[in-house]
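Peer 1: Numbered per our numbering, the sequence shown spans residues 4 to 281. Heads up, the beta-carbon is just placed ideally off N, CA and C, and yes, glycines get one too. I have a structure I would like to understand better, so I am pasting it below and will then ask my questions one at a time.
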Amino acid sequence: MAIIALVSAKGSPGVTTTALAAALSWHRRLVLAECDPAGGSILAGYLGGALDGPRGIGELAVGELRDGSLESAFWSQLVDLDAPRRERLLLPGVVDPAQAGSVIPLWQRFADYFTGLERGVPPYDVLVDCGRLAVGGPPWPLLRAAAVVLLVTRAHLPDLSATRATVRAIERDLGEHRVPPGTLRLLVVGDGHGTSEISKALRLPVIARLPLDPRTAEVLGHGGTVRANRPLMRAAGALEVPVRALLDRRRARLAWPGTTTAARAVGEPAAPGVPGAV
Numbered sequence: 004m005a006i007i008a009l010v011s012a013k014g015s016p017g018v019t020t021t022a023l024a025a026a027l028s029w030h031r032r033l034v035l036a037e038c039d040p041a042g043g044s045i046l047a048g049y050l051g052g053a054l055d056g057p058r059g060i061g062e063l064a065v066g067e068l069r070d071g072s073l074e075s076a077f078w079s080q081l082v083d084l085d086a087p088r089r090e091r092l093l094l095p096g097v098v099d100p101a102q103a104g105s106v107i108p109l110w111q112r113f114a115d116y117f118t119g120l121e122r123g124v125p126p127y128d129v130l131v132d133c134g135r136l137a138v139g140g141p142p143w144p145l146l147r148a149a150a151v152v153l154l155v156t157r158a159h160l161p162d163l164s165a166t167r168a169t170v171r172a173i174e175r176d177l178g179e180h181r182v183p184p185g186t187l188r189l190l191v192v193g194d195g196h197g198t199s200e201i202s203k204a205l206r207l208p209v210i211a212r213l214p215l216d217p218r219t220a221e222v223l224g225h226g227g228t229v230r231a232n233r234p235l236m237r238a239a240g241a242l243e244v245p246v247r248a249l250l251d252r253r254r255a256r257l258a259w260p261g262t263t264t265a266a267r268a269v270g271e272p273a274a275p276g277v278p279g280a281v
């Protein structure tokens with residue numbers, strides 16, 4: 004599935020929790036990359052800081068700037084979330100604010116490298132936690148390289164107001180960089196306004212709606228035993244189906260001669276704004 008990016012407008016709608024739940028429940032090999040310039044939280048939270056030495060994207064960035072060692076060092080910086088199978092791997096985010104200065108200039112380098120992981124042996128998809136766009140040095144190159152961008156939002160009016168502006172900002176940036184349409188989708192978390200109402204108001208299809216599940220969110224945020232039958236884990240696992248379907252349709256459309264140019268000219272029709280719509 005290549006790169007799947009998750010991002011939010013502001014606040015805490017659950018981007019990291021959603022990304023981690025998906026990483027633990029999806030079936031394909033994947034790398035979960037924490038690329039929030041404000042810092043990662045999975046290492047200190049879900050994993051309880053239990054690692055033998057520094058690990059993560061900050062270390063990779065320092066090495067790449069020093070001697071161009073991204074390819075040789077990448078796999079050693081990952082944490083196996085399902086050891087020893089190496090099917091669900093974590094690239095921890097920055098833990099020291101000073102590391103952000105090394106990471107931000109390399110977003111394009113990481114985007115190019117992550118794109119190539121799909122063609123590796125064995126192949127890996129990359130789930131990218133991009134955090135909030137309302138921070139310094141957001142990872143725009145990763146959003147442009149993503150096959151699917153999921154904009155995570157709560158369903159209440161203040162959240163939707165901020166999300167509306169972020170939708171337009173992302174659409175404008177992707178258009179300026181000639182990214183084919185159909186990349187961006189809404190992922191709604193929790194109760195509030197209806198899915199079709201949200202889709203109509205923001206003029207963007209909703210790919211799925213995840214339930215509020217405080218017990219599971221607590222485990223994913225602070226450590227403990229993840230139970231696959233909990234509502235959030237079931238919904239996160241089910242999210243793989245519409246994401247893969249969206250990706251397959253986009254690839255088929257882009258592979259058809261002339262469709263990319265036509266899609267840019269007339270715009271992609273919006274999918275119905277109903278639960279599960281892709």
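Along the alpha helix (DSSP H) that carries residue 60, what are the first and last residues, could you check?
Peer 2: Element bounds for residue 60: 60-70.
Peer 1: What is the DSSP secondary structure of residue 240, counted as helix, strand or coil?
Peer 2: helix
Peer 1: Can you give me the Cβ contacts of residue 152 inside the same chain, cut-off strictly under 6 Å, excluding the 5 residues immediately before and after it?
Peer 2: 8, 146, 186 and 187
Peer 1: So, helix, strand or coil for residue 7, using DSSP?
Peer 2: strand
Peer 1: Which of the three DSSP states is assigned to residue 119 in this structure?
Peer 2: helix
Peer 1: Measure the alpha-carbon distance for residue 212 versus residue 245 and round it to whole angstroms.
Peer 2: In this structure, the CA atom of residue 212 is about 11 Å from the CA atom of residue 245.
Peer 1: Express the C-alpha separation of residue 90 and residue 209 in angstroms, rounding to a whole number.
Peer 2: Cα to Cα, residue 209 sits roughly 28 Å from residue 90.
Peer 1: Could you check the C-alpha separation between residue 68 and residue 199 for me, to the nearest Å?
Peer 2: 46 Å
Peer 1: Just tell me which of 133, 71, 100 and 101 has its CA closest to the CA of residue 94.
Peer 2: 133
Peer 1: So, is residue 228 buried or exposed, given that buried needs 16 or more other C-beta atoms within 10 angstroms?
Peer 2: exposed
Peer 1: Would you kindly check if the distance between the Cβ of residue 40 and the Cβ of residue 103 is under 7 Å?
Peer 2: yes
Peer 1: Taking residue 45 as part of the alpha helix (DSSP H), name the residues at either end of that continuous run.
Peer 2: Residue 45 -> no alpha helix (DSSP H), and no H or E assigned at all.
Peer 1: Please name the residue in 105, 217, 174 and 121 whose C-alpha comes closest to that of residue 236.
Peer 2: 217
Peer 1: Check residue 246 in the structure and name its three-state DSSP category.
Peer 2: helix
Peer 1: Could you have a look at residue 156 and say whether DSSP puts it in helix, strand or coil?
Peer 2: Strand.
Peer 1: Could you name each continuous alpha helix (DSSP H) segment of 4 residues or more that falls completely within the stretch 156-221, going from the start of the chain to the end?
Peer 2: Qualifying alpha helix (DSSP H) stretches, in chain order: 160-179 and 198-205.
Peer 1: Grouping DSSP H, G and I as helix and E and B as strand, with all else coil, what is residue 223?
Peer 2: helix
Peer 1: Between residue 85 and residue 34, what straight-line distance do the alpha-carbon atoms span, to the nearest angstrom?
Peer 2: 12 Å
Peer 1: Should residue 161 be labelled buried (16 or more other beta-carbon atoms within 10 Å of its own) or exposed?
Peer 2: exposed
Peer 1: Consult DSSP for residue 89 and reduce its assignment to one of helix, strand or coil.
Peer 2: coil
Peer 1: Relative to the alpha-carbon of residue 88, which residue among 192, 20, 125 and 171 has its alpha-carbon at the smallest distance?
Peer 2: 125
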